[in-house]
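A.B. asks: I'd like to ask some things about the structure below.
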Amino acid sequence: MEEILRKVHLQSFLWDINSSWKVGLFFGLGKDNSCVHHCEPIKPDEDEFGENTEVVLTPLGSVRGLKSISVYGHEYCSFEGVPYAEPPLGQLRFKSPVPAKAWTGIKDCRYSKRKAMQKNSQGVIEGSEDCLYLNIFSKDVRIRNIILIGFPIHSKTKLPVMVWIHGGGFSTGSCIKDYICGPDYFMMEDLVLVTFNYRLSMFGFLSLCDPSVCVPGNAGLKDQVLALKWIKNNISYFGGDSNCITLFGQDAGAVSVHFMLSTDRACNLFHKAICQSGCMLNDWAISYDAIEMSYLLACRKGYKGCRDDDICILKFLQSVPAEKLIDIDDLDTVGRYKGYFSAFMPSIEPYESDDSIIAKPIWELIRTAWGNNVPLIVGATSFEGLCMYPVLKKIPELLERLKNKWERLLPNDVTAWDDQTKLIDSLMAAHCIDSDISRENMCALLDYYSYRLFLHGIHRFLLSRCKYAKADTYQYRFDYSTNSFNHHRMIYCGSDVGSGVAHGDDLSYLFYSYYTIKPKSETCEYAMIKRMIKTLTAFAKTSSPNCEYICNWSNICEAGIQRWLNMSADWSFVSIPQDVQEKFAAWDNLYGEYLVGERSQILKTPQGMVQGLKLESVYGDTYYSFEGIPYAEPPVGKLRFKSPVPSKKWFGVRDCCRFTCKAIQKNQHGAIEGTEDCLYLNVYSKNIHCAKRKLPVMVWIHGGGFTTGSGIRDFICGPDYFMMENIVLVTFNYRLSMFGFLSLSDPCVQVPGNAGLKDQMLAIRWVKDNICYFGGDSENITLFGQDAGGASVHYLLSSEHARDLFQKAIIQSGCFLHEWALSYDAVQLSYLLACRKGYRGSKENDECILKYLQSVPAEILVDIDDLDVLGRYKGYLYAFLPSVEPYESEDSIITKSVWDLIKTGWGNNIPVMIGGTSFEGLCMYPILKKIPELLERLRKKRERLLPNDIPCGCDYLNLTEELISAHFRENQISEEDILPFLDYYSYRLFWHGMYRLLQARSKYGKASTYLYCFDFDSPTFNHHRTMYLGNDVYRGVAHGDDLSYLFFSCYSAVLDTTAREYFMIKRMVRIWSAFAKNSNPNCEYVCTWDDISTSGLSKWMSIACELRFIDIPADVQEKFKIWNNLYGSRLIE
1 MEEILRKVHL
11 QSFLWDINSS
21 WKVGLFFGLG
31 KDNSCVHHCE
41 PIKPDEDEFG
51 ENTEVVLTPL
61 GSVRGLKSIS
71 VYGHEYCSFE
81 GVPYAEPPLG
91 QLRFKSPVPA
101 KAWTGIKDCR
111 YSKRKAMQKN
121 SQGVIEGSED
131 CLYLNIFSKD
141 VRIRNIILIG
151 FPIHSKTKLP
161 VMVWIHGGGF
171 STGSCIKDYI
181 CGPDYFMMED
191 LVLVTFNYRL
201 SMFGFLSLCD
211 PSVCVPGNAG
221 LKDQVLALKW
231 IKNNISYFGG
241 DSNCITLFGQ
251 DAGAVSVHFM
261 LSTDRACNLF
271 HKAICQSGCM
281 LNDWAISYDA
291 IEMSYLLACR
301 KGYKGCRDDD
311 ICILKFLQSV
321 PAEKLIDIDD
331 LDTVGRYKGY
341 FSAFMPSIEP
351 YESDDSIIAK
361 PIWELIRTAW
371 GNNVPLIVGA
381 TSFEGLCMYP
391 VLKKIPELLE
401 RLKNKWERLL
411 PNDVTAWDDQ
421 TKLIDSLMAA
431 HCIDSDISRE
441 NMCALLDYYS
451 YRLFLHGIHR
461 FLLSRCKYAK
471 ADTYQYRFDY
481 STNSFNHHRM
491 IYCGSDVGSG
501 VAHGDDLSYL
511 FYSYYTIKPK
521 SETCEYAMIK
531 RMIKTLTAFA
541 KTSSPNCEYI
551 CNWSNICEAG
561 IQRWLNMSAD
571 WSFVSIPQDV
581 QEKFAAWDNL
591 YGEYLVGERS
601 QILKTPQGMV
611 QGLKLESVYG
621 DTYYSFEGIP
631 YAEPPVGKLR
641 FKSPVPSKKW
651 FGVRDCCRFT
661 CKAIQKNQHG
671 AIEGTEDCLY
681 LNVYSKNIHC
691 AKRKLPVMVW
701 IHGGGFTTGS
711 GIRDFICGPD
721 YFMMENIVLV
731 TFNYRLSMFG
741 FLSLSDPCVQ
751 VPGNAGLKDQ
761 MLAIRWVKDN
771 ICYFGGDSEN
781 ITLFGQDAGG
791 ASVHYLLSSE
801 HARDLFQKAI
811 IQSGCFLHEW
821 ALSYDAVQLS
831 YLLACRKGYR
841 GSKENDECIL
851 KYLQSVPAEI
861 LVDIDDLDVL
871 GRYKGYLYAF
881 LPSVEPYESE
891 DSIITKSVWD
901 LIKTGWGNNI
911 PVMIGGTSFE
921 GLCMYPILKK
931 IPELLERLRK
941 KRERLLPNDI
951 PCGCDYLNLT
961 EELISAHFRE
971 NQISEEDILP
981 FLDYYSYRLF
991 WHGMYRLLQA
1001 RSKYGKASTY
1011 LYCFDFDSPT
1021 FNHHRTMYLG
1031 NDVYRGVAHG
1041 DDLSYLFFSC
1051 YSAVLDTTAR
1061 EYFMIKRMVR
1071 IWSAFAKNSN
1081 PNCEYVCTWD
1091 DISTSGLSKW
1101 MSIACELRFI
1111 DIPADVQEKF
1121 KIWNNLYGSR
1131 LIE
């Protein structure tokens, strides 16, 4: 009766599905024939193919498989070459896979020998681009009857599913059973085995920056995700349990499993995982040069177009025949020089898309991986490094390169400025590597490669599972060595090496392959096959590998990381051998505290990816550092003296771990240093992972009189103190001296001046556009600076081009009302510079002047002591300074008088802190000591004491006497008593300009303004006073002494945390960051600081041993009053 019912049902069933659109309707595919491929019409199996075939109906169509018998007599059903994606040809080459369309009739899936296009290890090009197929091997031979009758398969009868991802370094390999993936051994167990192809080399891992071309990279990994989705949705039609899928792989396949565990795109597509001899922490598993390699590939194949035109690059590469494209031995060599096995590997994608696989730094993927909740087996063979034997034999110069440069032993992700010699020595000692190593004696080097290429990455992976995973993790070592069945060792070493378990030798006991000779059932090899299959399938079924062959294999949370299952002739759960533990310790030492977690951090910005570091400050605060990020193109050649050009996108990952370049300058010691290629910034973030609440941003502009200085940490801008607070700090370089402030009158040459200020503007715009990628809040940016940096902040507060680029400002010891902050002779001094350097042309021919000055070497150009002297005679500190531009342009900064800028400045609407040190003028001590005639000239011609900008027609004599009475004892000027001169310069060069600005803010400002005086006097930590005066003066707070309490600099020392100087650092940083966070400097250290609209101009915050909001001392107020009198009614114009 049952057989009659089956035949009746079958006849009705076949009648109903004979039309393609009915097939579609049956599975909800609709009537669109464009989505349907046509195959052979459905016939009962007996008509042509006999009883050896099976037909299964899936939502996409029917597939005909083959009833097979394994080499050990186990029956199973085989379906080979089932499409899971459309052929990735033509316009689909390099792109994300497209799910396979439905087909009509029955697709013949009895046999398949398709490989992905590749150049194999013998140098033969084989395979096809049309490769996205999978193979299903099911132990359940009842599939056909159950499905054709139409009865559902009860969940208890469904079989566990194991999905294999083949290895081959992402460049070779295949899933076909005639290669390495024969299912015979697995068919000893009741399960469903699935294998599949994915695209390799450039076909799977080409990466282009332009989102419009939709080739961000990792198409090969996306193939794997699509295959897993197909399996999840369809495996039940083949008797598999879609809720019991185990993903496993070896080499690149294991790396792929790790990626699948870490990407949300694969979340819940499988339920257990096994990683054999690979993970994404291995040196070779991820490329940081994918975009560069993609461009080089195009060039190697004949591309002549623009590097930045990804549309043309893609179109060109899609036109090159696949057989020609795959032949890239030269590029693979380039890849090996960069530390990879081959040119094209998985990479961090340059932008996020709907199907991104690697969109975050590796350690962020590991930390947040959904796979931390998935049970896992991880392990390797005992002598993985034997795979390097043929490479070292074939390329003996590799050994010579190592002996000439032993630092090549260090893995790529160990930073170059660590103690290399010590680290190298520890590695060589751990592996007993002799400096006289040769091809005849390279066992120690092969042992080293075991750890570098495989074992230590896996060890770090296991450590990360200890830290982050909530599911069980089991560790093993495969150590079973035979003379005739360790096939990979024989492939690598021939008869040269007779023992040892090489990379891939475990596969001989999992898959029946082209090199396998069937072991007899009484052999040890057969027993090992049985144990391996039983253990892995037990894990697939129950999430635990324990079975009749091993019952005491504990997970790493229970047993610790120092025990593993040793799979040798006798299986035992044992402590890791002492020599192995010592080697792991030596490798662990390379990474220090970043062993589990990344010292190296990679972030994506719209310009490209940047690699920085996770660091620890001198006081133990962790932060993220990205130094040397370009915000403008190098201002060299035709761009010298001109407005900055925004930086172009770059390819691959830019190394921003360390940056030490200054803008070219002649420093205070007379040495020429730095480079014209200087327009870079540094970002220091307390937290780059804060997705919801971004951090306030503080952008620092360094001082140096527009002639010297730098934004680099090794000079004055160490971020350590600010990293006590939850902020993002940005520092940057800008062009100095003539490179930043040359000015020519002719609009045709486009050099109106102030290029240095325009650099600053562009840097701040970069911060506004990009700081969110570093955890910063682009709507909460505070600009602050000291000396010329303070004057620059003031200029940007007054320039319309900077409107809304920042929200608060701090001006320290400088503003543009100082004499030294604005030049009225820029055009004349620019012509004199040309003449000093040899120009003999017309004064009016700016085109010739520019061309000439652009041809002079930078080191010669910057040497202008004579012009600086001339500048000082004109009342400036240096020859080249900001100036009123001779004509207006699109990016003009200064085109109005300073008072017009102050009155109309947009910055009147944002909060500002203003202040200075209590004895600013001490900075003039070395000049007055070096040039004593300056004092003599002032004594003989007292009116020189008056500033240059006082109104004409004043009573100069009376004004001079008032100044003398304010600053000099008994109205006497004496060269022997230098301190009164220094007090006078405090007001002339700094304090009175800032006081005028305060009065202007009081009149024009609509936002809060806070006034302070830094008066903390330390005998050992006021470094600028020490630089200016040496041991001549021991007291007084000089110009720049406040910086010692904001930045850890070249002259700083680490303090005891009980020291009062340390306490001052804490207070200064907290006050500055409180203002940045809240627009108000009041915090736990000070709560009574009123703005000037409340307290008037007669009170300030005295930052000394105690923080007190006090009346400005009477003598200081009297001096301010006298200086105000110099300007009369034009004090605030």
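First residue of the sequence shown? That's 1 in full-length UniProt numbering, and the numbers climb one at a time after it.
Glycine residues also receive a C-beta, built at the ideal position from the N, C-alpha and C atoms.
Since the model is a prediction, treat every value here as computed from it, not as a measurement.
1) Which residues bound the beta strand (DSSP E) around A1038?
2) Three-state secondary structure (DSSP) at I964?
3) Which one of G560, H503, S568, H702 has the shortest CA to CA distance from A527?
4) To the nearest angstrom, report how far apart P747 and K843 are at their CA atoms.
5) Residue range of the alpha helix (DSSP H) that G740 falls in?
6) Pull the bridge partners of G379 from the DSSP assignment, please.
7) If the criterion is Cβ atoms closer than 8 Å, does the pair D184 and Y72 meet it?
8) Taking the DSSP output, what are the residues bridged to S1102?
9) Could you tell me which residues DSSP pairs with residue 1134 in its beta bridges?
10) Report yes if the CB atom of F1014 is closer than 8 Å to the CB atom of T904, and no otherwise.
11) So the alpha helix (DSSP H) G756 belongs to, where does it begin and stop?
12) Measuring straight from C-alpha to C-alpha, what distance separates K107 and S600?
13) Taking the beta carbon of A219 as the centre, do at least 16 other beta carbons fall within 10 Å, making it buried, or is it exposed?
14) Quick one: what's got a C-beta closer than 7 Å to R452's C-beta in the same chain, skipping five residues either side?
15) How is L14 classed by DSSP in three states: helix, strand or coil?
16) Less than 8 Å between the beta carbons of M187 and Y111, yes or no?
17) Should G81 go down as buried or exposed, given a rule of 16 or more other Cβ atoms within 10 Å for buried?
18) Less than 8 Å between the C-beta atoms of L998 and I1092, yes or no?
19) DSSP on Y76, reduced to helix/strand/coil?
20) If we count the other Cβ atoms within 10 Å of its Cβ and call it buried at 16 or more, is D866 buried or exposed?
21) Which of the three DSSP states is assigned to S1129 in this structure?
22) Which residues mark the beginning and the end of the alpha helix (DSSP H) in which G789 is found?
23) Do the CB positions of K119 and I326 come within less than 8 Å of each other?
24) For E1016 and L796, I'd like the C-alpha separation in whole angstroms.
25) Is the segment 474–486 close to the segment 373–383, with three or more CB pairs under 8 Å?
26) Find the nearest neighbour of T516 within the set A538, H488, K534, judged by alpha-carbon distance.
27) Determine whether the beta carbon atoms of R1001 and V912 lie at a separation below 8 Å.
28) Confirm, please, whether the CB-CB distance from F248 to I274 is below 8 Å.
29) Per DSSP, F137 forms a beta bridge with which residues?
30) Using only alpha-carbon positions, find the residue among P211, A290, F238, G670 that is nearest to K158.
31) Provide the residue span of the alpha helix (DSSP H) that contains T421, from first to last.
32) Return the chain-ordered ranges of every alpha helix (DSSP H) run that is complete within the segment 906–965 and spans a minimum of 4 residues.
33) In this structure, how does DSSP classify T368 when only helix, strand and coil are distinguished?
34) Just curious, the beta strand (DSSP E) that C244 is in, first and last residue?
35) What number of angstroms, rounded off, separates the C-alpha of I927 from the C-alpha of Q812?
36) By how many angstroms is the C-alpha of S426 removed from the C-alpha of A586?
C.D. replies: Concretely, from the data shown:
1) Per DSSP, A1038 belongs to no beta strand (DSSP E) and is neither H nor E.
2) helix
3) S568
4) 15 Å
5) 737–741
6) Q276, Y476
7) yes
8) C1013, R1108
9) As displayed, the chain neither begins before 1 nor continues past 1133, which places residue 1134 out of reach and without an answer.
10) no
11) 755–770
12) 50 Å
13) buried
14) D283, P411
15) Caution applies to L14, whose pLDDT of 32 falls short of 50 and renders its modelled position unreliable; the value that the coordinates give is listed next. In the structure shown, L14 sits in a helix (DSSP, three-state: H, G or I).
16) no
17) buried
18) yes
19) strand
20) exposed
21) helix
22) 788–798
23) yes
24) For the record, residue 1016 in the displayed sequence is Phe; it is not Glu. Going from the Cα of F1016 to the Cα of L796 covers about 29 Å.
25) yes
26) H488
27) yes
28) yes
29) S78, L193
30) F238
31) 420–430
32) 925–930, 933–940
33) helix
34) 240–250
35) 22 Å
36) 6 Å
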